């Protein structure tokens, strides 16, 4: 008996777990599943169903990737460990930017952390006597 976890899926009587999947491509209502060992499987499930079930990242209308198998991100493209290059759609560029930037955003200094204290402004109140 095979124990199935939440990130496992049975495709054509083959148990596939999410860490084994490198990326997915779709052709009409069919999906090609590319595993990290180079195996390619064809599934009759659509790309959206497999992507959500295996918790992958959809970066294009036709592509989903496993973030664990990304080799590098360069010049608006994602290079997988197998050498496959995926160009994300314009709307999904924000995913690419989150993968690209490993730096944390700069944090503004608060008062008391060596920052410049704001100047106090005094209002000139004139007497109307």
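Residue numbers (the working numbering): 5 to 133. For every residue, glycine included, the Cβ atom is placed at its ideal position computed from N, Cα and C. All figures in this text were calculated on a predicted structure; none of them were measured in a lab.
query, result
"Could you name the residues that DSSP lists as bridge partners for residue 35?", "30 and 47"
"Determine the extent of the beta strand (DSSP E) in which residue 13 is found, giving its start and end residues.", "12 to 15"
"Here's the rule I'm using: 16 or more other beta-carbon atoms within 10 Å means buried, otherwise exposed. How should residue 107 be labelled?", "The pLDDT assigned to residue 107 is 47, lower than 50, so where the model puts this residue is not dependable; a value taken from the coordinates is nonetheless given after this. Result: exposed."
"Quick check: what's the CA-CA separation for residue 73 versus residue 34?", "22 angstroms"
"What three-state label does DSSP hand residue 65 in the structure shown?", "coil"
"Could you please give the first and the last residue of the uninterrupted beta strand (DSSP E) stretch that includes residue 60?", "Run containing residue 60: none; DSSP gives neither H nor E here."
"Return the CA-CA distance between residue 30 and residue 61, expressed in angstroms with no decimal places.", "14 angstroms"
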